[in-house]
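Peer 1: Sharing a structure here in C-alpha cells format.
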Amino acid sequence: AETLNIDQIRADFPVLHQQVNKAPLIYFDNAATTQKPKAVIDALSAYYEQDNANIHRGIHTLAERATTAYELTRKKLAAFLNAPSTDQIIFTSGTTAGINLVAQTFGRANVGKGDQIIVSNLEHHSNIVPWQMIAEEKGAEIKVIPVSDAGVLDIEAYKALLNPKVKLVAVNHVSNAIGTINPIVEIISLAHEVGAKVLIDGAQSVAHLAVDVQALDMDFFVFSAHKLFGPTGVGVLYGKRDLLESMPPYQGGGEMIKEVSFSGTTYNELPYKFEAGTPNIADVIAFGAALDYVQAIPSEALAAQEEALLAYATQKLQAIPGLRIVGTAPDKIAVISFVIDGVHPQDIGVLLDKFGIAIRTGHHCAQPLMQRYELVGTCRASFAFYNTFEEIDRFVLCLEKTLQMLG
Ligand code: PMP
2 AETLNIDQIR
12 ADFPVLHQQV
22 NKAPLIYFDN
32 AATTQKPKAV
42 IDALSAYYEQ
52 DNANIHRGIH
62 TLAERATTAY
72 ELTRKKLAAF
82 LNAPSTDQII
92 FTSGTTAGIN
102 LVAQTFGRAN
112 VGKGDQIIVS
122 NLEHHSNIVP
132 WQMIAEEKGA
142 EIKVIPVSDA
152 GVLDIEAYKA
162 LLNPKVKLVA
172 VNHVSNAIGT
182 INPIVEIISL
192 AHEVGAKVLI
202 DGAQSVAHLA
212 VDVQALDMDF
222 FVFSAHKLFG
232 PTGVGVLYGK
242 RDLLESMPPY
252 QGGGEMIKEV
262 SFSGTTYNEL
272 PYKFEAGTPN
282 IADVIAFGAA
292 LDYVQAIPSE
302 ALAAQEEALL
312 AYATQKLQAI
322 PGLRIVGTAP
332 DKIAVISFVI
342 DGVHPQDIGV
352 LLDKFGIAIR
362 TGHHCAQPLM
372 QRYELVGTCR
382 ASFAFYNTFE
392 EIDRFVLCLE
402 KTLQMLG
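Once you know that position 142 of the sequence shown is 143 in full-length UniProt numbering, the rest is easy, because the numbers rise by one and skip nothing.
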C-alpha cells in the first residue's frame, strides 16, 4: 500500500518548523485546530494582493474574480460532501454558527411545547447549549443518549428515547473529547423512523473520515474549515433542500433578500437566504485551497498514517504507570484522552509546553462528559497525518520527565 512521504508533507506546513521553548515544536492539538499548508496561506495573500472586492453585486473585474473564487469553494464543497447541489452548501462562520442557525430556524419553526430534542452525553457544548436555548424558549425537553465507560453511545437506550415527540436528534460524528466514532448511519435511520430530523456535528470527522451526505441520508451536517486545514472564521452547513427551503431565514440583512420595501420583504433563494451580509470572502477562498490540498493526499495512506500513530501512541502511553486512557471505543480517530493518578491535567500541559509540546488539557468543552466520568478534565493528544512516530517517542519521554518533576 502507498505510504505518505511525511517529510515532504511537513515541508508544506510552515508553522511546524520552529523551536518552542528551545525545543522543536510538537503539535498534538489538532482536534482544537489543524495547521495550515502553505497553499492556504498563499491563497489568502494572493486574494488580498490581487482580487479583493465585495462579491455578487459587483460588475467590475475584481468583483467578478472574487465572486467566482468564492463560489468555486462552494462547488468544491458540494463535491467533497457529495451534496446534490451547490445551493445546499451554506457558508457560516463555523460549526457553532451552523448549529445555532439550525436551532434558531428549523428549531424555532418545528419544536413546540412538550416536544423533545435528543443530544448525546458525548457532545461539545456547542451541540448542547443552542438546543437548551430553544428548548427553554419553547417549553421543550432535552433528552440525553447515555455513554458507556468505554465512551460508546448506548444505542438501546437511544431507541428507548425515540418517540414521535422527538423533533430533532443532534449528535457528533466523532467526539472531540475522546475520539469515539459514533454509528451515525444507525442513529439517523432510527430517528427517521419516528419522523425526527438529525443534525450531525462533523467538526471532528471531516479531517479523518469521508462524508457522503446523500449515502448517509443526512438532514443537516455542520463543520468548521479550521479543523480541515483551512482558515478560522469559516464553517459549512449542509441541509436537505426541502428542509432548508421551509426554514425561515436566520439573520436579516443584505444579500439574503430578494426585494425590500417598507410594506414587506421577500427573501433570496438558497443558499443566499442564509448568508446575510458580506461573508468571509478571503477565508472561504483560502478554504478552497485547503480542500484541494487534502484531497490530493491519497485517503487510504492518510488514514493508515493516522491509525498507525494512534496504535503506536496508545501502546506507549499504556506502559506509563498510573496512566489511564479515557475513551477506549473500538472505533475511534487518532485522539487520545488520558489521566494520570494524582496529577492535575493542567500541570502536565504546562510542563509539556516547556518541552515544546502542544496538547490540550481541561474539559474540552464537554463538561457533561467529564461529569459522567467524574473527572475535572483530561490531557488530550490529537494527531494529524503530518505527525510522526519520532514525535510520539519524544512526547512520551517528556511526559515521563514531567511526571518525575511532579513527583
Ligand atoms: N463540535 C465539536 C465536536 C468540536 O470539536 C468543536 C470544536 N472544538 C465544535 C463543535 C465547535 O467548533 P467551532 O468552535 O469551530 O465552532
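Glycine is no exception: its CB is placed at the ideal position from the N, C-alpha and C atoms.
These figures come from a predicted structure and were not determined experimentally.
#1: Going along the chain, which unbroken runs of the beta strand (DSSP E) with 3 or more residues stay wholly within the stretch 45-88?
#2: Look up glycine 140 in the DSSP assignment and say whether it is helix, strand or coil.
#3: Determine the direct distance from the alpha carbon of aspartate 213 to that of phenylalanine 81, and round the result to whole angstroms.
#4: Does the beta carbon of histidine 209 fall short of 7 Å from some heavy atom of ligand 1?
#5: Take every Cβ of the stretch 148-164, pair it with every Cβ of the stretch 118-132, and state whether three or more of those distances are shorter than 8 Å.
#6: So leucine 356 packs on asparagine 31, CB below 8 Å; how close in whole Å?
#7: Helix or strand or just coil, what does DSSP make of valine 223?
#8: By Cβ distance below 6 Å, which residues in the same chain neighbour valine 175 in space, the five residues on each side in sequence not counted?
#9: For alanine 24, which residues from the same chain have a beta carbon less than 6 Å from its beta carbon, with the 5 sequence-adjacent residues on both sides left out?
#10: Spell out the partners DSSP gives glutamine 117 in its beta bridges.
#11: Less than 7 Å separating the Cβ of asparagine 173 from some heavy atom of ligand 2?
#12: Beta carbon of cysteine 366: closer than 7 Å to some heavy atom of ligand 1?
#13: Quick check for students: name the residue ranges of the beta strand (DSSP E) that lie wholly in the stretch 351-384, counting only runs of 3 or more.
#14: Which of the three DSSP states is assigned to tyrosine 28 in this structure?
#15: Counting only the same chain and skipping the five closest in sequence on each side, list residues whose C-beta sits under 6 Å from that of arginine 11.
#16: Is the distance from the Cβ of phenylalanine 339 to the Cβ of phenylalanine 29 below 8 Å?
#17: Check whether the Cβ of threonine 181 sits closer than 7 Å to any heavy atom of ligand 1, and report yes or no.
#18: Quick one, what's near ligand 1 if you take every residue whose CB is closer than 5 Å to any heavy atom, in chain order?
#19: Going by Cα to Cα distance, which pick from Lys77, Gly180, Val377, Ala104 is closest to glutamate 308?
#20: For the alpha helix (DSSP H) that phenylalanine 263 lies in, which residues bound it at each end?
#21: Can you check which of these residues, Ala305, Gly363, Pro85, is closest to residue 1 by C-alpha distance?
#22: For the beta strand (DSSP E) that contains glycine 231, what are its first and last residues?
#23: Are glycine 236 and alanine 67 close, meaning C-beta to C-beta below 8 Å?
#24: Under 8 Å between the Cβ atoms of threonine 35 and alanine 178?
#25: Compare the Cα-Cα distances from glutamate 163 to each of Asp150, Gly196, Val186, Met134 and report the closest residue.
#26: Any idea what DSSP makes of serine 176, helix, strand or coil?
#27: Return the first residue and the last residue of the beta strand (DSSP E) that valine 199 is part of.
#28: With a 10 Å radius around its C-beta and 16 neighbouring C-beta atoms as the bar for buried, classify serine 262 as buried or exposed.
#29: Among the candidates Lys259, Asp284, Gln117, Thr266, whose CA atom is the shortest distance from the CA of proline 272?
#30: Just the Cα atoms here: how many angstroms apart are histidine 345 and leucine 404?
#31: Indicate whether glutamine 89 and tyrosine 251 have their beta-carbon atoms separated by less than 8 Å.
#32: For valine 223 and threonine 106, which I take to be in contact (beta-carbon distance under 8 Å), what is that distance rounded to the nearest angstrom?
Peer 2: The answer reads as follows:
#1: none
#2: Indexing the sequence shown from 1 puts residue 140 at position 139. In this structure, glycine 140 counts as coil in the three-state DSSP scheme.
#3: Here residue 81 corresponds to residue number 80 of the sequence shown, with the count starting at 1. Here residue 213 corresponds to residue number 212 of the sequence shown, with the count starting at 1. Their Cα atoms are separated by approximately 8 Å.
#4: Locating residue 209 in the sequence shown gives position 208, counting from the first residue. It does not: the Cβ of histidine 209 is nowhere closer than 7 Å to a heavy atom of ligand 1.
#5: yes
#6: Mapped onto the sequence shown, residue 356 falls at position 355. Mapped onto the sequence shown, residue 31 falls at position 30. It should be pointed out that residue 356 corresponds to phenylalanine in this sequence rather than to leucine. Not quite, the Cβ-Cβ distance comes to about 18 Å (not below 8 Å), so this is no contact.
#7: As a working mapping, residue 223 is identified with position 222 in the sequence shown. Valine 223: strand per DSSP, three-state reduction.
#8: Against the sequence shown, residue 175 aligns to sequence position 174. Counting only Cβ-Cβ distances below 6 Å, and skipping sequence neighbours, we find Ile182, Gln205, Ser206, Ile334.
#9: Residue numbering aside, residue 24 sits at position 23 when the sequence shown is read from its first letter. Within the same chain, alanine 24 has close Cβ partners Phe356, Gly357.
#10: Locating residue 117 in the sequence shown gives position 116, counting from the first residue. Glutamine 117 pairs with Glu142, Val167.
#11: Ligand 2 is absent from the structure shown, which contains only ligand 1.
#12: For the purposes of this step, residue 366 is taken as the residue at position 365 of the sequence shown. Under cutoff, so the answer is yes.
#13: 361-363, 379-383
#14: Counting from one through the sequence shown, the residue named residue 28 turns up at place 27. Strand.
#15: Sequence index remark: in the sequence shown, residue 11 carries index 10 (1-based). Closer than 6 Å at the Cβ level, and outside the excluded window around arginine 11, lie Leu17, Tyr387.
#16: Reading the sequence shown from its first residue, position 338 is the one you call residue 339. Reading the sequence shown from its first residue, position 28 is the one you call residue 29. No, they are not a contact pair.
#17: Within the sequence shown, the letter at position 180 stands for residue 181. For ligand 1, not one heavy atom lies less than 7 Å from the Cβ of threonine 181.
#18: Gly95, Thr96, Thr97, His125, Ser127, Asn173, Asn177, Asp202, Ala204, Gln205, Ser225
#19: As a first step, residue 308 is located in the sequence shown; it is residue number 307 there, counting from the start. Nearest of Lys77, Gly180, Val377, Ala104 to glutamate 308, Cα basis: Gly180.
#20: Within the sequence shown, numbered from 1, the residue matching residue 263 stands at position 262. Per DSSP, phenylalanine 263 belongs to no alpha helix (DSSP H) and is neither H nor E.
#21: There is simply no residue 1 to check, as the chain begins at 2 and stops at 408 in what is shown.
#22: Residue 231 sits at position 230 when you count from the first residue of the sequence shown. No beta strand (DSSP E) holds glycine 231; DSSP gives it neither H nor E.
#23: Translated into the one-based positions of the sequence shown, residue 236 becomes position 235. Translated into the one-based positions of the sequence shown, residue 67 becomes position 66. Going by C-beta atoms, glycine 236 is not nearer than 8 Å to alanine 67.
#24: Numbered from 1 along the sequence shown, position 34 holds the residue referred to as residue 35. Numbered from 1 along the sequence shown, position 177 holds the residue referred to as residue 178. In this structure, alanine 178 does not lie closer than 8 Å to threonine 35 by Cβ.
#25: Looking up residue 163 in the sequence shown gives position 162. Before going further, note that residue 163 is leucine rather than glutamate in the sequence given. For the residues Asp150, Gly196, Val186, Met134, the minimum Cα distance to leucine 163 belongs to Gly196.
#26: Locating residue 176 in the sequence shown gives position 175, counting from the first residue. It is coil, neither helix nor strand.
#27: Looking up residue 199 in the sequence shown gives position 198. That run of the beta strand (DSSP E) goes 198-202.
#28: For the purposes of this step, residue 262 is taken as the residue at position 261 of the sequence shown. Classification of serine 262: exposed, given that the 10 Å Cβ count is below 16.
#29: On the sequence shown, residue 272 is found 271 positions in, with the first residue counted as 1. Closest option to proline 272, Cα to Cα, is Lys259.
#30: The residue given as residue 345 occupies position 344 in the sequence shown. The residue given as residue 404 occupies position 403 in the sequence shown. Each residue's Cα considered, the two are about 11 Å apart.
#31: For this step, residue 89 is matched to residue 88 along the sequence shown. For this step, residue 251 is matched to residue 250 along the sequence shown. Their beta carbons are not under 8 Å apart, which means glutamine 89 does not touch tyrosine 251 by this criterion.
#32: Stepping through the sequence shown from its first residue, residue 223 is reached at position 222. Stepping through the sequence shown from its first residue, residue 106 is reached at position 105. About 13 Å separates the two Cβ atoms, so there is no contact after all.
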